[in-house]
Amino acid sequence: MATNRQDLLGGISLWILFCSFTCVLTAIGFGVSLAAETQQAEAEVLVAQGVVAYDEHHYDDALAFLSRSRELNPRDSRALYYLGLTQLALKNPSEAVLALQAAKEIQPSDPAINYQLGVAYFTAGRYDEATPLLEQAFAADPSRENLGYYVGLGRYRQKDYKGANEAFNATKTSDPNESPR
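Start counting the sequence shown at 6; every next residue gets the next number (this note's numbering).
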């Protein structure tokens, strides 16, 4: 009977040890999950602050918010997109290309990302890479603001003068005295 009691106590001890171990692992996993969720929430707030700063033309602030967000969540396509726009506004087309290429890897068919990547390539003087993206955007929406300008210049470079004229004529701007970025 003593052996059965020792076996029973040993079994209970093992069961308690197993449950304790499981609880510790669960708590650790919950802590890691909670930390990841907190980091994700912080990254989203930083993106929102970056977008507001960008919209208000506070590009240095936008750059700071979006760069910090990227450290927390490097695969946030929205943060990368606005980081690219901010770099374009700061006249850093090479940096804009890097951010927008990263966004395109995450969202390869997003027309806004493809358009802005085309603009970034164009601004960086990488016309051969810009042209297909801008032509694709033009085919989808020729009335997109300033798009006809970029497509027209691309076609002009390729000596497609009639096509360039058509694209220039399709150019829409909110302010006719303002040149595209």
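Virtual Cβ for every residue (Gly too), placed ideally from N, Cα, C.
Excluding the five sequence neighbours on either side, which residues of its own chain have a C-beta within less than 8 angstroms of the C-beta of residue i, listed in chain order?
| i | result |
| --- | --- |
| Leu90 | Tyr59, Ala101 and Gln121 |
| Leu209 | With the chain represented from 6 up to 186, any question about residue 209 goes unanswered, as that position is not in the structure. |
| Lys109 | Asp115, Ile118, Asn119 and Leu122 |
Using a Cβ-Cβ cutoff of less than 6 angstroms, which residues in the same chain neighbour residue i once the five nearest sequence positions on both sides are dropped?
| i | result |
| --- | --- |
| Val124 | none |
| Leu68 | Thr91 |
| Ala135 | Gly123, Tyr126 and Phe127 |
| Thr176 | Gly153 and Tyr154 |
What does DSSP give as the partner residue(s) for residue i in the beta ladder?
| i | result |
| --- | --- |
| Glu150 | Lys177 |
Does the distance from the C-beta atom of residue i to that of residue j stay below 7 angstroms?
| i | j | result |
| --- | --- | --- |
| Tyr132 | Arg162 | yes |
| Leu93 | Ala48 | no |
| Leu95 | Ser74 | no |
| Ser148 | Ile111 | no |
| Ala107 | Leu139 | no |
Taking the C-alpha atoms as reference points, what is the distance between residue i and residue j?
| i | j | result |
| --- | --- | --- |
| Ala169 | Asn119 | 20 angstroms |
| Tyr87 | Gln45 | 17 angstroms |
| Pro79 | Ser72 | 9 angstroms |
| Asn151 | Phe70 | 28 angstroms |
| Asn174 | Lys167 | 11 angstroms |
| Pro113 | Val56 | 21 angstroms |
| Val37 | Ala53 | Bear in mind that a pLDDT of 47 at Val37, under 50, signals an unreliable position, so the number given afterwards is only what the model happens to contain. Cα to Cα, Val37 sits roughly 24 angstroms from Ala53. |
| Leu30 | Glu42 | For Leu30, the predicted structure reports a pLDDT of 47, less than 50, and the residue's modelled location is therefore unreliable. The matter cannot be settled from this model. |
| His62 | Lys164 | 37 angstroms |
| Thr178 | Asp65 | 26 angstroms |
| Leu103 | Pro137 | 18 angstroms |
Ordered along the chain, which non-local residues of its own chain (more than five positions away) have a Cβ less than 7 angstroms from that of residue i?
| i | result |
| --- | --- |
| Ser99 | Ala129 |
| Ala172 | Phe143, Gly153, Val156, Gly157 and Arg160 |
| Ala145 | Pro116 |
| Gln141 | Asn119 |
Does residue i have its Cβ less than 7 angstroms from a Cβ in chain B?
| i | result |
| --- | --- |
| Tyr161 | Here there is only one protein chain, and chain B is not present. |
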